[in-house]
């Protein structure tokens, strides 16, 4: 046998040599690092617009859709299902019978579409929703989305004298804007946030929804005596608390307070309205009005406890009707209300409500048939399609109207009523779509959740929220937005 | 005879080596490169930002929380799992009352227990996590129901909702789901230890503890060591990610009390659209993993016994 040091008693290759050699192999790769951009993130194609030639526009075809171009539509297959989109596809096919429409349903929006964005071949229309939603702030920042202004200015399907933008519910258009006038996102569903309750449960205490905080506390005290908790919430996802807390803050201190918070202004969280609202909610904890164990419940578990009558109120959004349907008793009479008044000094009247768009639809900038994607959206925003949507998925759409003559469930009807009562006082806090990490992980889990579990006082919570907001404001790696 | 030996070996290994280089080494090199960029992961455009990501990481409190938890995982989890598994395997193979004709035997019903212990391994980790989530439900879960059934109404922990308990709750799930595999692995290892060793020891009047520490453990050392590495990888990688993602508040909470590096990488890349920064955290994870593997190999180096 030889005499090299590579030999050890086993006669084979020493471990050290293997390591040395694999390290050498790794080094070979490094000079090639220049080519890296051609790999995982590459293949993006050139930046010059390769948009297809525009077809002429007409009254019937205001967006200039190429009648033969295929339409590639990817939809999030979640609580709303895909039926309503299939129906809308049929309408599209009626106008453009030669166009091949492909509808892909998935729950993995991000993992399916991120490579397509990277590769420069995104679909024509995307319902960017669900847990795997792509960050739209980033998409806008990276110029990956098409401006939907053409769609907004197109005549609506039902009334050619009305532009699409004038048929939408309040706040929907603004939500689709990030900086300046371009509209990047079309939110198709319309969500009402607030305090959800069962009329049947309140009837047991001879109560109506308490319109001010003293009445709320009194009702909770009454319920506690009978072993029913006042409130519960998704303790493991405390970013559900803002669904009733933010409009409460806005109601107490006015729209400006919420806008300042969204704009990440210094000391925005130190506004007296924030502290007052926090203290009111903290009192629920202090007086033992919150269902025991709530901090360990997830959204489904808390909703189930609520539909079982263990707690009266829960902060939530209008999807809860569908989500909790399985555990909801028939005579539950699910309803939503705007947050109660704190006292008579509140800036906005009772009824002030958080409502905003859900199911964000986007058309990628590099879509081959962007006009087709927009046309499909225009069809979906017609009264007929909107009614179809409301009937099928029990949710309002962003089309303003389309509910007359439909028999609505108690929850949906209460949403419609709440919107009517709110009138112009519809608030739209943006933290949850502008700064996802700040809203969920920091303020939600890191501050509000801690306060409601009693591990933080309201004063500490205010301080913590401000700290988190300041960090986000300073962080140059995230895009910052301002209310217009 | 030396002449041409390496060429000969490389000739055989060229295909696997090439595959390894393309699918393992190359992505590593790529990720390290991306850790110096501001790539969002959502578009092909990015620019090199030098050490910015690393600077940011050093000042990122969530990163340090995740880092701490990952280190706790990799230090504590293998220890607990392997200790329990060794104990159980010993009891199943050697620890029983002595029967006639056999030098050593397991406790009664050992084959049955072996199968039962292996059950959790059959379930996917996602299902296990979901099931435990029900168990930990503070309001209607089995644990708190049990506590009040034995008269501990005042002790009703919030389990996953309590920052001081949550991490241990999650770890307990991994212990439960992994122990069975190692019981079976160690049982197989113990079966290959010649029975004469035990006979000789028993003749000398050795106690059970002595037999375990003087015979079983040394002869099983190689298996334990690979188990250790395997457990370490598992507690830094996919399994710890899955249970944290599925079970914990937030996920990663409450208040960052359960986040681990693998989950934080995912959150940064896929929730926040900061793939560049995510790979920076990935590099930190790589370093932890290498340190762990190196440590285990160093500590575990012992003389090998041939039998």
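Chains as they are written, first to last, in this note's numbering: chain A, 499 to 982; chain B, 887 to 1193. Glycine included, every Cβ here is placed at the ideal spot set by N, Cα and C.
The alpha-carbon of residue 1045 of chain B is positioned some 51 Å away from that of residue 589 of chain A. The Cβ of residue 1136 of chain B sits closer than 8 Å to at least one Cβ of chain A.
A check of alpha carbon separations from residue 1085 of chain B across B:1074, B:928, B:1102 identifies B:1102 as the nearest.
Below the 8 Å Cβ cutoff, chain B contributes 928, 1159 as neighbours of residue 632 of chain A, in chain order. Residue 939 of chain B has its alpha-carbon roughly 51 Å from the corresponding atom of residue 1077 of chain B. When B:912, B:959, B:891 are compared, the shortest CA-CA separation from residue 1175 of chain B is found for B:959. Any Cβ of chain B closer than 8 Å to the Cβ of residue 935 of chain A would place that residue at the interface, and such an atom is present. Listed along chain B is no residue with a C-beta nearer than 9 Å to that of residue 598 of chain A; the closest approach is about 27 Å. Bridge pairing for residue 1065 of chain B: absent [DSSP]. Between residue 856 of chain A and residue 685 of chain A a beta carbon distance of about 6 Å is seen, short of the 8 Å cut, so the two are scored as contacting. Taking the Cα of residue 924 of chain A as reference, the smallest distance to any Cα among A:858, A:913, A:661 is reached at A:913.
Residue contact check for residue 893 of chain B against chain A: no CB pair falls below 8 Å. Residue pairing of residue 571 of chain A in beta bridges, as defined by DSSP: A:601, A:623. Here residue 804 of chain A is buried. Its C-beta has 16 or more other C-beta atoms within 10 Å.
Put simply, of A:619, A:608, A:679 the residue whose alpha carbon is nearest the alpha carbon of residue 862 of chain A is A:619. The beta carbon of residue 1139 of chain B falls within 8 Å of a beta carbon belonging to chain A, placing the residue at that interface. In the DSSP assignment, residue 1165 of chain B falls within the alpha helix (DSSP H) that extends over 1161-1185.
Ranking B:897, B:1180, B:1052, B:1008 by CA distance to the CA of residue 1119 of chain B puts B:1180 first. Sorting A:570, A:577, A:593 by C-alpha distance to the C-alpha of residue 559 of chain A places A:593 at the top. The C-beta of residue 1114 of chain B comes no closer than 8 Å to any C-beta of chain A. Burial check for residue 955 of chain B: the Cβ neighbour count within 10 Å reaches 16 or more, so the residue is buried.
Neighbourhood of residue 1163 of chain B in chain A, by CB distance below 8 Å: 975, in chain order. Scanning the segment 1002-1063 of chain B from its first residue to its last, the whole alpha helix (DSSP H) runs of 4-plus residues come out as 1011-1022, 1028-1035. Between residue 1040 of chain B and residue 923 of chain B, the alpha-carbon positions lie close to 53 Å from each other. Counting only the Cα atoms, residue 772 of chain A lies some 34 Å from residue 907 of chain A.
Contact annotation: in the segment 771-795 of chain A, residues whose CB is within less than 9 Å of a CB in chain B are 789, 790, 791, 792, 793, 794, 795. Neighbours of residue 1125 of chain B in chain A, taken as residues whose beta carbon is under 7 Å from its own, are absent, since the nearest beta carbon is some 20 Å off.
Between the beta-carbon of residue 870 of chain A and that of residue 629 of chain A there is about 28 Å, and that puts the pair past the 8 Å contact cut. Looking at the DSSP output, residue 858 of chain A bridges to A:685. Going by C-alpha positions, residue 792 of chain A is about 21 Å away from residue 830 of chain A.
By alpha-carbon distance to residue 963 of chain A, the top candidate from A:937, A:980, A:981, A:662 is A:937. When 7 Å is used as the limit between beta carbons, residue 950 of chain B is near no residue of chain A, the shortest such separation being about 14 Å. Scanning chain B for C-beta atoms nearer than 9 Å to the C-beta of residue 972 of chain A yields nothing, as the closest lies near 10 Å away. Note on residue 961 of chain B: under 16 other CB atoms within 10 angstroms of its CB, so exposed under the neighbour-count rule.
Below 8 Å, too few C-beta pairs join the segment 1030-1039 of chain B and the segment 736-748 of chain A to call them touching: fewer than three. As computed with DSSP, residue 729 of chain A is found in a beta bridge with A:788, A:811.
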